[in-house]
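Participant:
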Amino acid sequence: MSWNSLWFSLVVLYLSSAVCSAKEEWWQHGVFYQVYPRSFRDVNNDGNGDLAGVIEKLPHFKDAGVDGVWLSPIMKSPQIDAGYDISDYYTIEDMYGSVEDLKELIRKAHEIGIKIILDFVPNHTSNLHKWFQESEDNNEDYKDYYVWADAKGDGSPPNNWISVFRGSAWEWSDKRQQYYLHHFVKEQPDLNYRNPKVREDMKKVLVHYLDLGVDGFRIDAIPYLVEDKELRDEPRSFNPSATPMDNDYLEHIYTNNQPETYDLIYEWRKLVDDYTAQNGGDARILMTEAYADLDHTMPYYGTADGSTKGAHFTFNFFFISNFNKNISTAHDIARIVYTWQNALPSIYTSNWVLGNHDNRRIPTRLGVENIDGFNMLVQLLPGIAVTYNGEEFGQEDGEVTYEQGKDPSARNRSIFESASRDFERTPLQWNDSVNAGFNAGAEPWLPVSEKYKELNLAYQLDENVLSHFQIYRKLTRKRKEDATKSGTTDIWAISDDVIVLKRSYINQHTVLAFKLGWHGNTEEETVYVPSIKAKEATVALTNVGSSYEIGSVINPQSFKLKPHESLVLDIVC
Ligand code: GLC
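This is the structure:
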């Protein structure tokens, strides 16, 4: 959807009121960095990343200016859905290491002031989990652990629900002579949260990891936690591009974001808050994953008055779901920022996300030349910044053939190119040695992109040469300086192609001016910073390849930007 309404072009968006750092907790201004462990760093050279690799790279997080590292799932799993199918919540997956490795990671991370967040996958288990096997056997203690239902008279599934990964959300069990629900692949049976024993068991998992010292959880796939009790059919969405196999063929009024689902998040928030109150130390935090509209997203934070709290933050996916270089413009950036900030009750903390393991990487999706501009945007917007591993040095999607692909959601040739998530999951490109420094030469689980020969972190470590990584480092450092100040934020799309963001701290202003270079906008454009009287601005940072020099002085009332050029300006007035 394009939101190119003209009236938006020059609207001043007054976004945040003063935030006093004294009251801020560690996570409120944090940079959260997602590690995709299987592709991160493979120390034992078995083709899969490991916890030893994350430990080895701790200095990189520190250097990058990261506050919290979120690890995609590391618990025992047959890896049908890359670890999002857990067969034992209490054991670390062999290929990643052991609980001792996790403890060492937590200890060493804490020594250098970095928090460790684990991915928690509560909606479903693996079909190899013993709870499911007991449940399928109809064992009294476990028979209601999952969502089971009888076939219709003709043997067909109990209703029309469709899996996120296409096709019916129901799978027949010969053993139990019933269908079970799976919102994702059939190897991911859906837990039944109407069963208090399931709720208790999952709380025990949280406490187990809190006791090991983790600083919080990213909670996976929360919209699907609870479904309609009566299992009613969902109505058609009439989405013109959806086939009857596709999840968005239906409107998910009975399977997504049910009232009981919010209650669960609120219960888990109480659990982590109580844990912190009893054990001391910094807040343990929850971040939740919900691709939903604004009305259904915001209550995951808690009630509007803050009397009941939910996640510390729920990912802001609007720059992923509603933003696309083929149809979007600078007005959409302003609109996304504005609508999010306006919908978010002021007691809660914003967050900005442009990439993760489920979506094409930023350079691939939004333009290779725009990586610095988008990193600047995410780091300068108020609140929390989220980075997917590799974004800090501009890693692009890798090249994966259908034969090499692993993503179960795209094991079908006709949708592989458009739906596979393998491309954004290829190993990290650390340097120009064998397998990009991911490991010592064993065949990686997904191929290393050939691009590593030109694009790798090692090439960007020289602090005296402007590179994507040096820009990222400077931005995270700037955030930390600004975190101690009270401020306000304004954003303008001053043309279809240029976005201007202004953070103001009394008479000091940090400004981003960024020309996207989309839709044939290949000409240089004269731009300005609205609502600034000053005639001088110092260029604090530029994108790689900009014609401006860092430290030079320009006139913020009128200056030129080339396509893909982005400048951070310091203005005092
Ligand atoms: C979340 C994860 C995704 C996974 C799905 C099922 O959306 O991010 O990778 O496939 O949940 O667990």
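For the record, in the sequence shown the residue sitting at position 472 is 471 according to numbering that gives the first Met the number 0, with numbers rising by one throughout.
Note that CB positions come from ideal geometry on N, CA and C, so glycine has one too.
1) Return yes when the C-beta of N438 is under 8 angstroms from any heavy atom of the ligand GLC, and no when it is not.
2) By Cβ distance, which residues of its chain are closer than 8 angstroms to K102, with the 5 residues on each side in sequence left out?
3) Please identify the residue among N430, D406, D80, V377 whose C-alpha is closest to the C-alpha of R420.
4) Give the secondary structure of S20 by DSSP, where H, G and I count as helix, E and B as strand, and everything else as coil.
5) What is the DSSP secondary structure of V510, reduced to helix, strand or coil?
6) What separation, rounded to the nearest whole angstrom, lies between the Cα atoms of R472 and G305?
7) How about R420: is its Cβ closer than 8 angstroms to a heavy atom in the ligand GLC?
8) Suppose the cutoff is 6 angstroms on Cβ atoms and the five residues either side in sequence are ignored; what does the same chain contact list for D569 look like?
9) In this structure, how does DSSP classify R424 when only helix, strand and coil are distinguished?
10) Return helix, strand or coil for L9, following the three-state DSSP convention.
11) Any residue with its Cβ nearer than 5 angstroms to a heavy atom of the ligand GLC should be included. What is that list in chain order?
12) Mind checking which residues open and close the alpha helix (DSSP H) that includes M375?
13) When you compare each of S320, F60, T488 to G112 by their alpha carbons, which one comes out closest?
14) For a test of the three-state rule: what should DSSP assign to Y347, helix, strand or coil?
15) Do A289 and I221 have their CB atoms nearer than 9 angstroms?
16) Apart from the five residues just before and just after I54, which ones in its own chain have a Cβ nearer than 8 angstroms to its Cβ?
17) Please look up how many angstroms separate the CB atoms of R175 and E135, rounded, as I've assumed it's under 8 angstroms.
18) Between A21 and H28, what straight-line distance do the alpha-carbon atoms span, to the nearest angstrom?
19) If you check the beta carbons only, do L566 and V510 fall under 9 angstroms apart?
20) When the distance is taken between beta carbons, is W160 closer than 9 angstroms to Y144?
21) Pick helix, strand or coil for W267, following the three-state DSSP scheme.
22) The alpha helix (DSSP H) that contains M201, what's its start and end?
23) Rounded to whole angstroms, what is the Cα-Cα separation between L230 and N158?
24) Only counting the same chain, and skipping five residues up and downstream in sequence, which positions put a Cβ closer than 6 angstroms to that of L293?
25) Counting beta carbon pairs with one atom in the stretch 525–533 and one in the stretch 483–497, are three or more of them shorter than 8 angstroms?
26) Tell me the DSSP secondary structure of F119 in three-state form.
27) Could you give the DSSP three-state label for V571: helix, strand or coil?
28) If the criterion is Cβ atoms closer than 9 angstroms, does the pair L117 and Y208 meet it?
29) Do the CB positions of T287 and I218 come within less than 9 angstroms of each other?
30) Write down the C-beta distance between S546 and K534 rounded to the nearest angstrom, noting that I regard them as a contact closer than 8 angstroms.
31) Along the chain, where does the beta strand (DSSP E) containing Y215 start, and where does it finish?
32) Between which residues of its own chain and Y223 is the CB-CB distance below 6 angstroms, once the five residues before and five after are set aside?
33) If you follow the beta strand (DSSP E) that V538 is in, where does it begin and where does it stop?
34) Out of Y451, E139, R360, R412, point me to the one whose CA is closest to L390's CA.
35) DSSP on T90, reduced to helix/strand/coil?
Facilitator: Here's the rundown:
1) Relative to the ligand GLC, the beta carbon of N438 is positioned no closer than 8 angstroms to any heavy atom.
2) Listed in chain order, the non-local C-beta contacts of K102 below 8 angstroms within the same chain comprise L211, G212, local neighbours out to five positions each way being set aside.
3) Comparing Cα positions, the closest option is D406.
4) Bear in mind that a pLDDT of 43 at S20, under 50, signals an unreliable position, so the number given afterwards is only what the model happens to contain. Three-state result, S20: helix.
5) DSSP places V510 in strand when its eight states are reduced to three.
6) Rounded to the nearest angstrom, the two C-alpha atoms are 34 angstroms apart.
7) Taken from the Cβ of R420, at least one heavy atom of the ligand GLC lies inside 8 angstroms.
8) Cβ neighbours of D569 beyond the five flanking positions: T537, A539.
9) In the three-state reduction of the DSSP assignment, R424 falls in the helix class.
10) Only weak support is given to the placement of L9: the predicted model assigns it a pLDDT of 40, under 50, and the value that follows is read from those uncertain coordinates. Assignment of L9 by DSSP, reduced to helix, strand and coil, places it in the coil class.
11) In chain order, the qualifying residues are D80, Y83, F183, D219, A220, D357.
12) Start and end: 370–379.
13) For the options S320, F60, T488, the alpha carbon positioned closest to that of G112 is the one of F60.
14) In the structure shown, Y347 sits in coil (DSSP, three-state: anything other than H, G, I, E or B).
15) Taking 9 angstroms as the cut-off, the Cβ atoms of A289 and I221 count as close.
16) Taken in chain order, the residues that qualify are D100, E103, L104, K107.
17) So it is a contact: roughly 5 angstroms between Cβ atoms.
18) Confidence in A21 is poor, its pLDDT being 48 and thus under 50, which makes the residue's placement too unreliable to answer from.
19) Yes. Within cutoff.
20) Going by C-beta atoms, Y144 is not nearer than 9 angstroms to W160.
21) Helix, per DSSP.
22) Start and end: 195–211.
23) For L230 and N158, the distance between alpha carbons rounds to 7 angstroms.
24) So the list reads A342, once near-sequence residues are dropped.
25) By the Cβ criterion, the stretch 483–497 is in contact with the stretch 525–533, since at least three pairs of Cβ atoms, one from each stretch, lie closer than 8 angstroms.
26) For F119, the secondary structure class from DSSP, reduced to helix, strand or coil, is strand.
27) Residue state, collapsed to three classes: strand.
28) In this structure, Y208 lies closer than 9 angstroms to L117 by Cβ.
29) Between T287 and I218, the C-beta gap is smaller than 9 angstroms, which places the two residues in contact.
30) Actually they are not in contact, since the Cβ atoms of S546 and K534 sit about 21 angstroms apart, beyond 8 angstroms.
31) For the sequence presented, residue 215 should be read as Gly rather than Tyr. Note, G215: beta strand (DSSP E), 215–218.
32) Non-local beta-carbon contacts of Y223 in its own chain, meaning distances under 6 angstroms to residues more than five positions away in sequence, involve N122, H182 in chain order.
33) First-last of the beta strand (DSSP E) with V538: 536–541.
34) In the sequence as presented, Leu is not what sits at residue 390; that position holds Glu. Its Cα nearest to that of E390, the residue R360 stands out among Y451, E139, R360, R412.
35) In the structure shown, T90 falls within a strand segment according to DSSP collapsed to helix, strand and coil.
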